[in-house]
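For reference, the structure is listed below as structure tokens.
And the structure:
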């Protein structure tokens, strides 16, 4: 208390003349005035960006109902939704940065696309076009026997569209093969060409065409005909040369049953009369072949040759006896006349 009075006395100044008042010092401690530069500056938040998606298929048609999910750089969900009737979907008010876009679903005819990164810039709209491919058609190839319908293994065929070959299939042990064909529309026309036939069969040369849709199964059949082969000659079927049958004479017995076989016209042996016998030399034992018949050859003609020779000999002998009798009669008549 005494100290305060001393301090107060020390502050008071008595000056002769006019009085001058001076402010008294405050007993409370004073705080320093902060500088203006030390105050925190308030910065405005940057403008957000947006993402706009247009979904369509490979034919160029809008694809409604496609579902998408947007993730930020930390992997947290930033938005999700489905495309409208025009195939449009927007994600507004996004902070700038890199996002991950995932397609989670499409319709029954289309496949979803792979994930992709999206960059969002302040105050701008990032526009993306997502094209969903059609689901592949499932094709079953069959190779069959054109006659029996049996399934054949080992047939190879190319399948394609236009000038492009898309698939090559070879039938297995069951005679079938399967694969997938990429399609570009709701109805795509394809062709199939047989390039290798099964063993023992001819190549199926025509080119067949067929139509397949997205995700739909289709069966294609090629038919093969067996290869024609020339039969090998049988050694037992060699031709055998048989003697030519000749018409039988009137005296030859028939080889069949039920009597003799009539002889062919012109094949009868002519009867030998006395004049013929006289004209035939005795020493010539070979008979002339009848007109219109072939000479007998082989063992079957030997009996007839012997018989013919005997007939000629007998005829020649008879003619000789007749001639001698004529000469005898002539000489007897001359002797009688001379007497």
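Residue numbers (mature numbering (1 follows the signal peptide of the UniProt record, and there is no 0)): -27 to -1, 1 to 312. Heads up, the beta-carbon is just placed ideally off N, CA and C, and yes, glycines get one too. Values in this document were obtained by computation on a predicted structure and should not be read as measured data.
Note down, in chain order, each residue of its chain lying with its Cβ closer than 6 Å to the Cβ of residue i, except the 5 sequence neighbours on either side.
i           : result
residue 100 : 25
residue 170 : 176 and 197
residue 188 : 108
residue 134 : 163
residue 317 : What the structure shows of the chain is the stretch from -27 to 312, and residue 317 is not part of that stretch, so it cannot be assessed.
residue 180 : 164 and 166
residue 58  : 37
residue 52  : 43 and 64
residue 190 : 111
residue 97  : 22
Have a look at the DSSP bridge pairing and note the partners of residue i.
i           : result
residue 110 : 154
residue 177 : None, per the DSSP bridge assignment.
residue 84  : Partner(s): none; residue 84 has no beta bridge.
residue 284 : Per DSSP, none; premise fails for residue 284.
residue 104 : 29
residue 118 : 197
residue 61  : 27
residue 74  : 43 and 89
residue 97  : DSSP output for residue 97 lists no bridge partner at all.
residue 35  : 29
residue 185 : 161
residue 149 : 115
residue 124 : 117
Look up residue i in the DSSP assignment and say whether it is helix, strand or coil.
i           : result
residue 193 : strand
residue 44  : strand
residue 299 : helix
residue 385 : Since the first residue shown for the chain is -27 and the last is 312, residue 385 is missing from the structure and cannot be characterised.
residue 67  : strand
residue 79  : coil
residue 22  : strand
residue 293 : helix
Where do the N-terminal and C-terminal ends of the beta strand (DSSP E) with residue i fall, by residue?
i           : result
residue 89  : 89 to 93
residue 54  : 50 to 55
residue 130 : 129 to 134
residue 138 : 137 to 143
Hey, residue i and residue j: beta-carbon distance below 8 Å or not?
i           : j           : result
residue 105 : residue 39  : yes
residue 165 : residue 110 : no
residue 145 : residue 69  : no
residue 131 : residue 141 : yes
residue 103 : residue 76  : yes
Residues in its own chain within less than 7 Å of residue i by CB, not counting five upstream and five downstream?
i           : result
residue 200 : 173, 174 and 175
residue 297 : none
residue 192 : 113 and 115
residue 158 : 32
residue 45  : 51, 70 and 72
Under the criterion of a Cβ to heavy atom distance below 7 Å, does residue i qualify as lining the ligand ZN?
i           : result
residue 187 : Judged by which ligands are present, the structure shown has none, so any question about the ligand ZN falls away.
For residue i, I'd like the list of residues in its chain whose CB is within less than 8 Å of its CB, leaving aside the five on either flank, ordered along the chain.
i           : result
residue 117 : 123, 124, 125, 148, 194, 195, 196 and 197
residue 91  : 24, 43, 71, 72, 73, 74, 99 and 101
residue 178 : 167
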